[in-house]
Structures are given as structure tokens and as C-alpha cells.
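Trainee: Chains as they are written, first to last, in the working numbering: chain A, 1 to 423; chain B, 1001 to 1423.
Where a beta carbon is used, it is the ideal one built from N, C-alpha and C, also for glycine.
Only a predicted model underlies this, so the values are computations on that prediction, with no experimental measurement involved.
Below is the structure I would like to discuss, written out as C-alpha cells.
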């Protein structure tokens, strides 16, 4: 469904707007089945739950004090104040880590520390700071408390049977903490998406080699691998495959058979791009989903789906390849990790003031790399990092990027932009 | 240096404002020596360079075409246009991955694909799209090009001898790409900071056990470990230590001897807090740096430095412990990782509208947990997640938090807040 009027310079193919391309991609991927596995809790950080977790018990199991002080019957303190203190007898003490012995009876109280289990009969805690010791057995209260004061009640954190974490939830440190608190030692999570990465082109040599004239070192292999690892994928680097159609097809075919998502890069020439299209089509249905998007840099991206494997033909220029990863591959990996696609993802940004005018062609999304510099007033100034999309150093110098949308023909100096970090 | 007028409720100790506490902490840590190690490039993702890297060569080593087209002498195209085309003879072709044979002479051109090495004699590339084939040997140019058009020049990405990456730079995927492009196979990076974690309190049992009445499962151990791992630390979990002074001192002493930073948590009661202070003082100079901060939740934090090991006594309540980690431990770990402390860190946020009034006491920093919900107009609405600081489920339900500063007594409904994600 390329939009009307968006053609590349050869007029060969309609270019799809970025939003529309992403919608098509995620729609196709959302019907793929996902596998899951059982993991011990400490290994489940950054994994995604494949089933809802209900709380197996009340947390806490017993009411506990949240302050150092005295466990009381709240009614015994009613009316107490600075000018009209009340007095209770200290009838016991809650030892930490022990079930309290005995019961708090009317007119009496127990010493209790933060975390102590509330003794029978008591229904509130008076903070130490609101008491004055009279002698060893008697304490003066200068403030009244209501029932439930300064304690965390049984099931107040979470009640037995209630949803603790939803299916599709990414497990963060605090989520492991909640599950530990509930005594849940194993969790069912989706498997990590498997990503296969190939670099193509007869001019590419492994980066560990010294290239002869005409050759260059592979930059995209290590960059794309690291980006995919950061997205939680299990990555296999298939190295460099020749760009003869037979070798290239066999290379991508093997990677597609062994992975959930395949990235090949290197095909910025028209010949390579045609080859990439033919190979994706040949690998299986539905084949090519997107031929090129209205984006700079990153226009010549190919996106396909063959036999349940998402296949991305990324431009060879390192900047274009990384931009395409950020805008298309990362959201695809989130979905294949089991995270449901939100209407608008939570992508935090830094607001910064542009330090020069920037032109942009209408009808395409422009991604502008920037450096950020702190100003005297603590705000940030954004300086565009100019340079060709073949220049990897521009990405190393950039802190992040902002977008200029399809409707705009550019932004003026001093405009405020929302900078996404490339971190 | 506790600020005037900030006392805790017992009046025992001045509370330090958060900014001042962080400044004191980072100042003390900045004089500690850091160790480094040599790593193969593919293992260096998310590590920090301990020495500047200068480019050992020009990148690219030779000028290369950035377009499919024809390598020309730019002067031969001067004046060419739609109404006045110029004609050049096709005298050769640059094979991909090969050094071109021959030289482009006046009035002639070579076919070249994207990435091809520019042949001798040529100084520009004309895009295929601006040419019309006449026959096998002759091509018509409908646009002139300037010297250097459509190519990336020798050293244009980065020149030999220029700084490629600075000391203290965190290696992101694109930085590995730059170093790969330069053929740098090993990098000198700082060692990961070693973090030791202990939970204290006789009421705490390992989360894998079923607690008897009076006991609760350890939540902080797994949460703090995961947070430290996320910060790039090498974590050792020392489990639960008894809160008798002797056992506790021996436990913290061992952890401090084996790590760069130690976290113990569990001491929210006054007794535990006093114990923590004594232990830090006893471990070595300078001892306690901060006794409590003007922060809610998180007030009772202890920060010390003993014999070069940073020691944090975190509150026992899980929410307070995590807040203290976010505001103090994470910046300390960045510094101990070798990342220089910026005046203002690059912490991206999400702007959201508050859906209710929130009170706050003047004189302390308040951290408010929130859930974010997307609105029809694509903006976000922030709903505070209320709950006690002992309630771990409130952190699981929160997407992030915003801060109410010391001067403010609260925020009104519909105020816009900057939400930091707890992701």
C-alpha cells in the first residue's frame, strides 16, 4: 500500500510513509506464534511474561509496623494530645522476626520496631516520636492514632488472587522484587527472539582484516549485533556473504530457517537492492511488505516476511542502517519479545533548542543527528551533526536525534525539538 | 554539612538536601583510583574507555562513490543541463571490491556503483538518475556536478591521528562500529565496578523460603542486584546477615574488602540505623558522609566511604531502597564505571499532565510514583500511584516518577510534570 505520489527517483517503486510502513510490519508480525520457557526468577530480568501472574498469597501475610513505636488499641488513644496525654502500660515487646507472644489488652501496649508483626489485640502503632517515657512500665502518648495507623495491613501490598503482573509485562528489577516477595521462584516467559545478521557485498571484508584497495571493513555487522543484543535478542552473526545471487540466497535462506528475524545489510546499490527483493520473494510468502520508505536517511529499506521470518534488507551506509534499526527493527523485536505494541510507546526524550536552521524536504520524515550541550540556565542546546550517511563517526559524535515530520519543510533556529537519545 | 534547619523528627541529625548529598558523594568518589583491562572489541559493548582512542588511519582509506552512476572529471560536466546536455565516453567500469584499473581521462567516464572506489583522474560522481544512455559507449549528462559530489573522500569520516573516542566514553553499538571501521580489535576499558549486596534484619528470610509468622521474604536483595546489574556492575549477593553487631560488622567488612561499593538494606528501625552508622564508622575513614537526606521516600539513607569502598545503608522498605538507588547509587556507579559526572546528566523524560492535586512538604524532595496513560490527543496523563513505601507492588504498577522540589508545597491538577521512567 505505498501512498500516492511518493516515488523514488527512478519512479520504480512507491515509497511508503514511515508510520504506515511500521503499522503494516507490526500488523503482519502480530499474528506470528511465540514460544515460551520456564526460568528461575533471578534469570528473568528483562524477559517478558507469557502468562498473567496472580498473587498466590496475601502480601504481607500479617499486619506489620511501619514505624518504631508502640502497638496499641487505637481506641485507647482517642482524645490524646499535647495538653491531654494518655497513659498505657507496657505489657510486652515484639521481638523482630518472631511471632509476638501474648495479646495487647485494653489500657496496655507492646513495644514494636519497624517491620515487627502486630500483636493480637492491637490495631495501630503510635510512633516513638509521639511518646514520652514515664518509667519502665508506663508510657505517655501525646497524640491519638486511628485504626490502621503506621502499619501495613495483611494483603495491603497485594491480596491473594489479585493480578500481580500482566501477560506481556517486561520484568524490571522491581517486578522481580514483587515476585520474590510472593515467593514465586519460577516464571514463564517468552523465548528471546533469535536474530540472524549478514553483511553482503564483494567490497566488504571482516573488520579484523586489513582491507586491500577497493575493499572496506564491515561496520554494520558489529553495530547491528550490538543493537539487537541491547533489544534482548539472541544474535547469530553469519558474517559476510557474497553478493552473487546463489550464495546470497543460500545465506539468507539458512539464516531465515534458524531465526525469527534476519537482517542483511550492504545493498545500497540498485543492483544489490534488486537482488535483495528477489531473494525475499523467493524465500516464501507473503514476501516483500515494504519497498523503500519516505525517510532520510534510510529510504531504501526492504521489509519482508517469508515463512514466519521477518527479513530486513538494510541500507549499506552505517547511518542509514542504524536509523532503520531504530525505527523498524527495534519495534519489531519488542513485538517478537512478547511486548504488546502500544498505541504510543513510552519513549522519553530530552527537550533542546536548535542552534541553527535545518531544511527538510516535504513528503519524507527526516532524522537529524544532534549533539547536546548544557546551557547556563540548565537547558540543552542541540547542534545538528552534519555528515554523509556513510559516515559512522557522525553517529559516535551524536547524543541522539530528532525527527522532522513529512509535513514540514524544515525547522528554524531556536525551535524546541524533542531529542531521542542514541544511548 | 547538613543544611540548617533540616532535622529528622527526633532532632538527632541534620538532614542533607538531596543535591548537596549527591555532590558530597560524587566529590569523595571522584578521587578513587579505577582499574582497567584490555578487551576484544565485540565484548566491549556498554563498557567505558579508560584511554582516548586516536584514529590509526584515514576512514575511508580511499574516496568512494555514495551513488550508483558514473565517475567523471567534474570539469567535463560544467554547464550541462536539461536543455544543454553533455556527452562522455564510457571508458571502463569499477568492479565492486576491486581497485579500479586505468584512469578516467578528459571527456571520458567509468561506470561505478555505490561503494565503488573512485578511479584515478575522476573527482566526482554523476548519479545514474541524471544521465540518459545514448549507446553502449556513450552517455548523456543532463546535470553538472561539482568536485567531490556524490562521493565520500579519503579521511572524510575520520582523519588519521584525530580523536575517535574520548576517555570516559561509554561504548554504544555505533561506537563499536566506528572502532571496527578503523580496525581496532582491542580496547582498554575500566573494570566493571564490583558491588556487594547484603540484606539485614532478623525478620528477613530468603525469598525462596516460606516465612514463619513474624518473618518476611527478602525483596531488596533481588531488586537491588538487578538494578546494579542494569548499571553494568558485577554483583555479589552476600545474602542475609544477622543484625547482631558482631555478625553484621563482619558481613559488611567482608563485602567491603571484596567490592568497590556495598549496599546493605533493612535498617529502617532506629536501632538498625544506629547499628549501620557504627559499622560504617568502624570500617575505616572517612566513614559516614551523609546521615539521612531531605527526601520522601528514602530519608533514612546512610552514605559512607571506608578505605576506598562506598557503603550505602539503604532503608528496608522496598520503595525507599529503590528510590535511594536511583538517586544516589546509580550516579555513584556511573562514576565508578569511569563515566565523568556531567553537570546535568542526559536523563530523558516523558512530559505528562497530572490528573490530581498532590501535596508535598516544603524543605524536602518528594518522589511521586506514577502510571502513564495515553490520551486521545497522543499526550500522556500521569496518575500518582499512592501507597506505603513498604509496598513493592506500587513500584510494579508505576511506569515512572516525577519530583517535587524542596521549595514546593505541592502541585495542582493539570500541571505538566517530567516523568522519569522506572524501566
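1. Out of A:200, A:212 and A:208, which has the shortest C-alpha to C-alpha gap to residue 245 (chain A)?
2. If you follow the alpha helix (DSSP H) that residue 248 (chain A) is in, where does it begin and where does it stop?
3. Check the Cβ-Cβ distances between residue 376 (chain A) and every residue of chain B, and say whether any is below 8 Å.
4. Cβ closer than 8 Å: which chain A residues qualify as neighbours of residue 1229 (chain B)?
5. Note down, in chain order, all residues in the segment 338-349 of chain A with a beta-carbon under 9 Å from any beta-carbon belonging to chain B.
6. Decide if residue 71 (chain A) is buried, meaning its Cβ has at least 16 other Cβ atoms within 10 Å, or exposed.
7. Determine which residues share a DSSP beta bridge with residue 1087 (chain B) and list them.
8. Pick from B:1241, B:1218 and B:1358: whose alpha carbon is nearest that of residue 60 (chain A)?
9. The alpha helix (DSSP H) with residue 1332 (chain B) in it runs from where to where?
10. Going by beta carbon distance, what residues of the same chain come within less than 7 Å of residue 1168 (chain B), once the five residues before and after it are set aside?
11. Using a Cβ cut-off of 8 Å (strictly closer), state whether residue 1135 (chain B) contacts chain A.
12. Determine, using beta-carbon pairs with one atom in the segment 1017-1031 of chain B and one in the segment 1136-1154 of chain B, whether at least three such pairs fall under 8 Å.
13. Beta carbon of residue 1210 (chain B), beta carbon of residue 183 (chain A): below 8 Å?
14. Assuming residue 1046 (chain B) and residue 1128 (chain B) are in contact, meaning their beta carbons sit under 8 Å apart, how far apart are those beta carbons, in whole angstroms?
15. Any C-beta of chain B within less than 7 Å: which residues of the segment 100-118 of chain A qualify?
16. Put residue 1078 (chain B) into one of helix, strand or coil per three-state DSSP.
17. Residues of the segment 210-226 of chain A in Cβ contact with chain B at a cutoff of 9 Å, in chain order, please.
18. So, does the CB of residue 1232 (chain B) fall closer than 8 Å to a CB anywhere in chain A?
19. Select from the segment 1059-1084 of chain B all residues with a C-beta closer than 8 Å to any C-beta belonging to chain A, and list them in chain order.
20. Could you check what DSSP says for residue 193 (chain A) in three-state terms: helix, strand or coil?
21. So residue 1445 (chain B) contacts chain A; which residues on that side make the cut at Cβ distance below 8 Å?
22. How big is the Cα-Cα spacing for residue 353 (chain A) and residue 231 (chain A)?
23. Within 10 Å of its beta-carbon, does residue 75 (chain A) have 16 or more other beta-carbons around it, so buried, or fewer, so exposed?
24. Closer than 7 Å, Cβ to any Cβ of chain B: which residues of the segment 165-189 of chain A, in chain order?
25. Apart from the five residues on each side of it in sequence, which residues of its chain come closer than 7 Å, Cβ to Cβ, to residue 1189 (chain B)?
26. Can you confirm whether the segment 405-423 of chain A touches the segment 1191-1200 of chain B when touching is taken to mean that 3 or more C-beta pairs between the two stretches lie within less than 8 Å?
27. Please tell me whether residue 321 (chain A) and residue 265 (chain A) are closer than 8 Å, where the distance is taken between their beta carbons.
28. What does residue 126 (chain A) touch in chain B if you count any residue whose Cβ is under 9 Å from its own?
29. Classify residue 136 (chain A) as buried or exposed, calling it buried when 16 or more other Cβ atoms lie within 10 Å of its own Cβ.
30. When burial is assigned at 16 or more other CB atoms within 10 Å of the CB, is residue 1009 (chain B) buried or exposed?
31. Just the chain B side, please: which residues come within less than 7 Å of residue 155 (chain A) by C-beta, in chain order?
32. At the level of alpha carbons, what is the spacing between residue 1239 (chain B) and residue 1226 (chain B)?
33. Using a threshold of 8 Å, state whether the C-beta atoms of residue 1198 (chain B) and residue 1252 (chain B) are closer than that.
34. Please identify the residue among B:1413, B:1174, B:1054 and B:1170 whose C-alpha is closest to the C-alpha of residue 326 (chain A).
35. Quick one: list the residues of chain B neighbouring residue 197 (chain A), beta-carbon separation under 9 Å, in chain order.
36. In chain order, what residues of the same chain have a beta carbon less than 6 Å from the beta carbon of residue 387 (chain A), not counting five sequence neighbours either side?
Mentor: Per the coordinate set shown:
1. Ranked by Cα distance from residue 245 (chain A), the options A:200, A:212 and A:208 are led by A:200.
2. 245-258 is the span of the alpha helix (DSSP H), which, as asked, contains residue 248 (chain A).
3. For residue 376 (chain A), the closest Cβ of chain B is not nearer than 8 Å.
4. Within chain A, the residues near residue 1229 (chain B) are 45.
5. Hits within the stretch, in order: 342, 343, 344, 346, 347, 348 and 349.
6. That one is buried.
7. When DSSP reads this structure, residue 1087 (chain B) sits in a beta bridge with B:1140.
8. Of the residues B:1241, B:1218 and B:1358, the one whose Cα lies closest to the Cα of residue 60 (chain A) is B:1218.
9. From DSSP, the alpha helix (DSSP H) with residue 1332 (chain B) extends over 1330-1336.
10. Here the set comprises 1048, 1049, 1338, 1339 and 1340.
11. No, residue 1135 (chain B) does not count as interfacial toward chain A.
12. Because the criterion of three Cβ pairs below 8 Å is not met, the segment 1017-1031 of chain B and the segment 1136-1154 of chain B do not touch.
13. Yes, the Cβ-Cβ distance between residue 1210 (chain B) and residue 183 (chain A) is below 8 Å.
14. Here residue 1046 (chain B) is actually not in contact with residue 1128 (chain B); their C-beta atoms are around 41 Å apart, not less than 8 Å.
15. Flagged, chain order: 113, 114, 115 and 117.
16. The three-state reading of DSSP puts residue 1078 (chain B) in coil, since its state is none of H, G, I, E or B.
17. If you check each beta-carbon in the segment 210-226 of chain A against every beta-carbon of chain B, the ones closer than 9 Å belong to 210, 211, 212, 213, 214, 215, 216, 217, 218, 219, 220, 221, 222, 223, 224, 225 and 226.
18. Chain A contact via Cβ: absent.
19. Result list: 1059, 1060, 1061, 1062, 1064, 1066 and 1068.
20. Coil, per DSSP.
21. Outside the modelled stretch of chain B, which goes from 1001 to 1423, sits residue 1445 (chain B), for which no answer is possible.
22. Using only the alpha carbons, I get a separation of about 30 Å.
23. It counts as exposed.
24. So the list reads 165, 172, 173, 174, 175, 176, 177, 178, 180, 181, 183 and 185, given in the order they occur along the chain.
25. A distance below 7 Å between beta-carbons, with the five flanking residues on each side excluded, links residue 1189 (chain B) to the following residues of its chain, in chain order: 1036, 1037, 1039, 1044, 1047, 1048, 1049 and 1050.
26. Cβ pair count under 8 Å is below three, so no.
27. Going by C-beta atoms, residue 321 (chain A) is nearer than 8 Å to residue 265 (chain A).
28. Going along chain B, no residue has its Cβ under 9 Å from residue 126 (chain A), so there is no contact; the nearest lies around 13 Å.
29. Of the other Cβ atoms in all chains shown, fewer than 16 fall within 10 Å of the Cβ of residue 136 (chain A); this residue is therefore exposed.
30. The pLDDT assigned to residue 1009 (chain B) is 46, lower than 50, so where the model puts this residue is not dependable, and the model offers no usable value.
31. Simply none; closest approach about 11 Å.
32. The C-alpha of residue 1239 (chain B) lies about 14 Å from the C-alpha of residue 1226 (chain B).
33. Less than 8 Å separates the beta-carbon of residue 1198 (chain B) from that of residue 1252 (chain B).
34. Comparing Cα-Cα distances from residue 326 (chain A) to each of B:1413, B:1174, B:1054 and B:1170, the minimum goes to B:1174.
35. Neighbours of residue 197 (chain A) on chain B: none; closest Cβ ~12 Å, over 9 Å.
36. Residues 394 of the same chain have their beta carbon placed closer than 6 Å to that of residue 387 (chain A), with the five preceding and five following residues left out of the count.
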